[in-house]
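Student:
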Amino acid sequence: MPQQTTEIRTASFADLNARTFHDLLKLRIDVFVVEQHCPYPELDGRDVEPGTRHLWLTDGGAPLAYLRILADPDGTARIGRVVVAPTARGGGHAGRLMTAALEVLGNRPCVLEAQSHLVAFYARHGFAVSGPEYVEDGIPHTPMRRDPIDA
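Numbering (our numbering), first residue to last: 2 to 152.
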């Protein structure tokens, strides 16, 4: 099997070209809307906000994994839309992407809404459960938070 040469990319919406944004949206829709059967408005307007950062892992072209970082009004960062292509799962790509996202964020407080079966994954990245489980689009979710580390 040929070895993959993956790289992590980061961009604001203004720095994304149309093809890249298309490919990132296609990955998100293929997994969240089609695979997970969640008909929801994927284009929520937040991708284009000046404070949003898009991070993705690529292997020569098509994205293997993706997440976005939103800037909430109170200064808290919000990680969301964490996704790995079905053909790339099990390769540690989500972990690499989370590590890169946390490097981008530095010591800022950060929240996310984890699919509940992934709570342990996010806990390994310093997140703790911050509220009760709830169901969204038929999938159990758990709010989680990562607070700044005291120096």
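Glycine included, every Cβ here is placed at the ideal spot set by N, Cα and C.
Under the rule that 16 or more other beta-carbon atoms within 10 Å means buried, what is His-94, buried or exposed?
Tutor: The sequence position of residue 94 within the sequence shown is 93, counting from 1. Counting Cβ neighbours within 10 Å, His-94 comes out buried, since at least 16 surround it.
Student: I'd like the ranges of any beta strand (DSSP E) spanning at least 3 consecutive residues and lying wholly in the region 57 to 115.
Tutor: Runs of the beta strand (DSSP E) inside the region 57 to 115: 64 to 72 and 78 to 85.
Student: Straight-line CA distance for Met-145 to Asn-18?
Tutor: Start at 1 with the first residue of the sequence shown, and residue 145 comes out as number 144. Start at 1 with the first residue of the sequence shown, and residue 18 comes out as number 17. Cα-Cα distance, rounded: 32 angstroms.
Student: Can you have a look at Ala-15 and say buried or exposed, based on whether 16 or more other CB atoms are within 10 angstroms of its CB?
Tutor: Residue 15 sits at position 14 when you count from the first residue of the sequence shown. It is exposed - the Cβ of Ala-15 has fewer than 16 other Cβ atoms within 10 Å.
Student: On a Cα-Cα basis, can you pick out the residue from Ala-89, Asp-148, Thr-59 and Thr-143 that is closest to Phe-22?
Tutor: Position 21 of the sequence shown, counted from the start, is the residue given in the question as residue 22. Nearest C-alpha to Phe-22: Thr-59.
Student: Could you tell me whether the Cβ atoms of His-55 and Ala-115 are closer together than 7 angstroms?
Tutor: As a working mapping, residue 55 is identified with position 54 in the sequence shown. As a working mapping, residue 115 is identified with position 114 in the sequence shown. Against a cut-off of 7 angstroms, the Cβ pair of Ala-115 and His-55 comes out as no contact.
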